[in-house]
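**Student:** In this note's numbering, the protein residues as written are 1 to 173.
Shown next as structure tokens:
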């Protein structure tokens, strides 16, 4: 059974940080096949601690959802404000032990519903070519590739994908 919560205390942000560390380890392992130094990816995208996650996702217009499978932390998805009209998704991760159970879709439904309450018109994602399972979920929820919306290191540019959708699309369940 899937349960979702929004991180709002030290314990929840510690749980989220552990999931983010697992995401970082997976990312570092995968990126090596693309000729990128795994430590570069860790330094660019995976330096979070419970404290930095709390500082970033406790702000108005932001949040970090944690999914549990029968009480065990299984995944996370965060969002924050990119600009006055847009929100950006971050830290989408489902532990490999829990994939294929609808956890990613449940997280996406919850986060998109929360963003929909904000009045923002656009949702952005910065991902990478080897996150094929995540890209499939994004596409199922109406995200399409778009022009880059931030500068990236030339060392990883060949792996980066940018996606966007409007908030007007209906969630897919």
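Every residue gets a Cβ at the ideal spot worked out from N, C-alpha and C, and that includes glycine.
All values derive from a computational prediction rather than experimental measurement.
Just to confirm, is the Cβ distance from residue 146 to residue 164 under 8 Å?
**Tutor:** Position 146 of the chain shown holds residue 146. Position 164 of the chain shown holds residue 164. Yes, they are a contact pair.
**Student:** Measuring only the C-alpha atoms, how far is residue 96 from residue 103?
**Tutor:** The count along the chain shown starts at 1 and reaches residue 96 at position 96. The count along the chain shown starts at 1 and reaches residue 103 at position 103. In a straight line, the C-alpha of residue 96 is about 11 Å away from that of residue 103.
**Student:** Grab the span of the alpha helix (DSSP H) containing residue 137 for me, first residue to last.
**Tutor:** Against the chain shown, residue 137 aligns to sequence position 137. It spans 132-140 - the alpha helix (DSSP H) in which residue 137 sits, taken as one unbroken run.
**Student:** Bridge partners of residue 93, per DSSP?
**Tutor:** Here residue 93 is taken as the residue at index 93 of the chain shown, counted from 1. In the DSSP output, where bridge partners are listed per residue, residue 93 has 76.
**Student:** Any contact of the stretch 70-79 with the stretch 39-52, i.e. 3+ C-beta pairs under 8 Å?
**Tutor:** Counting Cβ pairs under 8 Å, fewer than three are found: no touch.
**Student:** As an exercise, report each continuous alpha helix (DSSP H) stretch of at least 4 residues that is fully enclosed by the stretch 95-130, in chain order.
**Tutor:** Runs found: 103-116.
**Student:** Which residues in the same chain as residue 120 place their Cβ atom closer than 7 Å to its Cβ, once the five residues preceding and following it in sequence are excluded?
**Tutor:** Within the chain shown, numbered from 1, the residue matching residue 120 stands at position 120. Excluding residues within five positions, the ones whose Cβ falls inside 7 Å are 85, 86, 87, 167.
**Student:** So for residue 82, helix, strand or coil by DSSP?
**Tutor:** Taking the chain shown and counting its residues from 1, one reaches residue 82 at position 82. Note: residue 82 maps to strand in three-state DSSP.
**Student:** Per the contact definition of three or more C-beta pairs closer than 8 Å, is the stretch 49-68 in contact with the stretch 2-13?
**Tutor:** With a cut-off of 8 Å, the stretch 49-68 and the stretch 2-13 count as touching, because enough Cβ pairs lie within range.
**Student:** In whole angstroms, give me the CA-to-CA distance for residue 4 and residue 155.
**Tutor:** The residue given as residue 4 occupies position 4 in the chain shown. The residue given as residue 155 occupies position 155 in the chain shown. Between residue 4 and residue 155, the C-alpha separation is close to 36 Å.
**Student:** Which value, in whole angstroms, describes the spacing of the CA atoms of residue 118 and residue 112?
**Tutor:** Taking the chain shown and counting its residues from 1, one reaches residue 118 at position 118. Taking the chain shown and counting its residues from 1, one reaches residue 112 at position 112. Between residue 118 and residue 112, the C-alpha separation is close to 10 Å.
**Student:** Buried or exposed: which applies to residue 90, given that a residue is buried once 16 or more other Cβ atoms fall within 10 Å of its Cβ?
**Tutor:** Numbered from its first residue, the chain shown carries residue 90 at position 90. By the 10 Å Cβ count, residue 90 comes out buried.
**Student:** Suppose contacts are defined by Cβ-Cβ distances below 8 Å. Is residue 127 in contact with residue 134 by that definition?
**Tutor:** One-based indexing of the chain shown puts residue 127 at position 127. One-based indexing of the chain shown puts residue 134 at position 134. In this structure, residue 134 lies closer than 8 Å to residue 127 by Cβ.
**Student:** Can you give me the start and stop residues for the alpha helix (DSSP H) that residue 52 sits inside?
**Tutor:** Taking the first residue of the chain shown as position 1, residue 52 is located at position 52. 50-57 is the extent of the alpha helix (DSSP H) around residue 52.
**Student:** For residue 16, which option in 52, 115, 129 has the closest C-alpha, if you only look at C-alpha atoms?
**Tutor:** Here residue 16 is taken as the residue at index 16 of the chain shown, counted from 1. Nearest option by C-alpha distance: 52.
**Student:** Quick check on the DSSP output: what are the complete alpha helix (DSSP H) runs of length 4 or more inside the stretch 140-166, in order along the chain?
**Tutor:** Segments of the alpha helix (DSSP H) lying fully in the stretch 140-166: there are none.
**Student:** Could you check the C-alpha separation between residue 161 and residue 148 for me, to the nearest Å?
**Tutor:** On the chain shown, position 161 is the one that residue 161 refers to. On the chain shown, position 148 is the one that residue 148 refers to. Looking at the two C-alpha atoms, the distance is approximately 8 Å.
**Student:** Please report how far the alpha carbon of residue 27 lies from the alpha carbon of residue 132, in whole angstroms.
**Tutor:** As a working mapping, residue 27 is identified with position 27 in the chain shown. As a working mapping, residue 132 is identified with position 132 in the chain shown. When rounded, the distance between both Cα atoms is 12 Å.
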